[in-house]
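Beneath this line is the structure, given in structure tokens, with notes to follow.
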Amino acid sequence: MKKYCLTLDLIDDEELITEYEAHHQNIWPEIKDSITSSGIINMEIYRLGTRLCMLIEANNDFTFSKKAAMDADNQKVQQWEDLMWKYQQPIKGALAGEKWVLMDKIFQL
Numbered sequence: 092m093k094k095y096c097l098t099l100d101l102i103d104d105e106e107l108i109t110e111y112e113a114h115h116q117n118i119w120p121e122i123k124d125s126i127t128s129s130g131i132i133n134m135e136i137y138r139l140g141t142r143l144c145m146l147i148e149a150n151n152d153f154t155f156s157k158k159a160a161m162d163a164d165n166q167k168v169q170q171w172e173d174l175m176w177k178y179q180q181p182i183k184g185a186l187a188g189e190k191w192v193l194m195d196k197i198f199q200l
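My numbering puts the sequence shown at residues 92 to 200.
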């Protein structure tokens, strides 16, 4: 099994943050399907202030490039991503157009 940790910032607006969290309490079925069909077994998102942290557990066949290719051809995923960008902003150091940024693991017990 593969594990990943990614980060992203939300726009610093309490009303928008509340809306963002509400969307994640009831994600669209097509979004759940796109996540699980890509090989992701578990996904969790945590928030502290405006900082988000996403933990992903995926099967050994999962790659971000395969997920991106699947998502590029999925109109509902693109619609969801456009909607989510209303609430999100890139973190310092993100590449142009990059949303979630993969974090480096620096410790494991």
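The C-beta atom is built at its ideal place from N, Cα and C for all residues, glycine as well.
Name the residue from the options whose alpha carbon lies nearest to the alpha carbon of residue i.
{"i": "P181", "options": "D173, E172, V192 and L174", "result": "V192"}
{"i": "K93", "options": "I118, C144 and A149", "result": "A149"}
{"i": "D152", "options": "N117, S128 and Y178", "result": "S128"}
{"i": "L97", "options": "Y137, A160, K158 and L107", "result": "Y137"}
{"i": "D103", "options": "K158, T141, Y111 and I132", "result": "T141"}
{"i": "E67", "options": "E105, L143, D162 and E110", "result": "Lying before the first or after the last residue shown, residue 67 is absent from the chain, which here runs from 92 to 200."}
{"i": "M194", "options": "N165, C144, V168 and G130", "result": "C144"}
Quick check on DSSP: helix, strand or coil for residue i?
{"i": "L200", "result": "coil"}
{"i": "D152", "result": "coil"}
In the DSSP output, which residue or residues are listed as bridge partners for residue i?
{"i": "N117", "result": "None, per the DSSP bridge assignment."}
{"i": "I147", "result": "Y95 and M134"}
{"i": "L107", "result": "DSSP lists no partner for L107."}
{"i": "D195", "result": "D195 pairs with nothing; no bridge assigned."}
{"i": "D100", "result": "R142 and Q180"}
Name the two residues that bound the continuous alpha helix (DSSP H) containing residue i.
{"i": "E172", "result": "Q166 to M175"}
{"i": "K157", "result": "F155 to A163"}
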